[in-house]
Amino acid sequence: MLTQIKLTNFKCFKEETTFPLSQLNLLTGINGQGKSTLLHSLLLMRQSIEHNDRSMQILNKPF
């Protein structure tokens, strides 16, 4: 199980940002604070593990 995620230079997270994780996590906040970006990072990680094909488009937006 993942216990934390650290993002650096990924979309809106320019500085290193750490997100502690538990068995149940709730993302709340105003628009533009990075909730979707955090989910995109999880998607990117999952797809990178499942598919080792660099030609596959993982996200439809640049990061």
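For the sequence shown, this note's numbering gives the first residue as 10, with consecutive numbering after it.
By construction, the Cβ of each residue, glycine as well, lies at the ideal position given by its N, Cα and C atoms.
Contact check, residue i vs residue j, beta carbons under 7 angstroms
i	j	result
THR37	LYS20	no
LEU16	THR26	yes
PRO29	GLN13	yes
Residues bridged to residue i (per DSSP)
i	result
LEU16	THR26
Terminal residues of the alpha helix (DSSP H) in which residue i lies
i	result
GLN56	44 to 59
Buried or exposed by the 16-neighbour rule on C-beta atoms within 10 Å, applied to residue i
i	result
SER50	buried
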